[in-house]
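A.B. asks:
Residue numbers (the numbering used here): 21 to 165.
1. Could you pull the start and end residues of the beta strand (DSSP E) that residue 61 belongs to?
2. Is it the case that the CB of residue 122 approaches a heavy atom of the ligand MN more closely than 6 angstroms?
3. Just tell me which of 74, 56, 36, 95 has its CA closest to the CA of residue 42.
4. Put residue 82 into one of helix, strand or coil per three-state DSSP.
5. Return the CA-CA distance between residue 27 and residue 89, expressed in angstroms with no decimal places.
6. Select from 128, 149, 137, 143 the residue whose C-alpha is nearest the C-alpha of residue 7.
7. Identify, in the order they occur along the chain, each residue of the same chain with its Cβ nearer than 8 angstroms to the Cβ of residue 80, setting aside the five sequence neighbours on each side.
8. Give the single residue among 29, 97, 152 whose Cα lies nearest to the Cα of residue 166.
9. Can you give me the start and stop residues for the beta strand (DSSP E) that residue 104 sits inside?
10. Can you tell me where the beta strand (DSSP E) with residue 114 in it begins and where it stops?
11. Between the Cα of residue 71 and the Cα atoms of 54, 94, 63, which residue gives the shortest distance?
12. Please report how far the alpha carbon of residue 22 lies from the alpha carbon of residue 52, in whole angstroms.
13. Going by DSSP in three states, residue 143 sits in which element: helix, strand or coil?
14. Could you pull out every residue in the same chain whose Cβ sits closer than 6 angstroms to the Cβ of residue 110, ignoring the five residues on either side in sequence?
15. Taking all protein chains shown into account, do 16 or more other C-beta atoms lie within 10 angstroms of the C-beta of residue 118, making it buried, or fewer, making it exposed?
Rendered as structure tokens:
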């Protein structure tokens, strides 16, 4: 099983729960872990986050898991969007949000991710941003509004 961790990105894809990033006893993490529900077992996919990421918003759309915002290992709020590819071999970068934020909440409706609130490092935010995950949406794809 993985090291104890908190404040990570997490989500359920198929019959697995995926966790990534967060704080472990050795500090901020980039590791991705996968818990297979039917076999009650942990594994470590080859995917690692491109940078340590703690307190991100999490969202799953279809078979893709998103890590949105969060903090780097130094506590700086992030505006990044990363998606775990379907083969779970890498985290790919997507468009940045307008606002850097950690501790935000995320919800999914159809192919859109809604992110609200969070902390930009000094201020609690009341800003909502919406992200389109579906390439079929043309010019709205991979864009925060």
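Ideal Cβ placement from N, Cα and C applies to all residues, glycine included.
C.D. replies: Well, looking at it:
1. Per DSSP, the unbroken beta strand (DSSP E) holding residue 61 starts and ends at 61–63.
2. You won't find the ligand MN in this model; it holds no ligand whatsoever.
3. If we check each option's Cα against that of residue 42, 74 comes out closest.
4. In the structure shown, residue 82 sits in coil (DSSP, three-state: anything other than H, G, I, E or B).
5. For residue 27 and residue 89, the distance between alpha carbons rounds to 12 angstroms.
6. Missing from the structure shown is residue 7; the chain here goes from 21 to 165 and no further.
7. Taken in chain order, the residues that qualify are 31, 32, 33, 86, 128.
8. The requested residue 166 does not occur in the structure, where the chain is confined to residues 21 to 165.
9. First-last of the beta strand (DSSP E) with residue 104: 101–104.
10. Per DSSP, residue 114 belongs to the beta strand (DSSP E) from 111–114.
11. The shortest C-alpha separation from residue 71 is found at 94.
12. Straight-line Cα distance between these residues: approximately 9 angstroms.
13. Here residue 143 sits in coil by DSSP.
14. Within the same chain, residue 110 has close Cβ partners 67.
15. Classification for residue 118: exposed.
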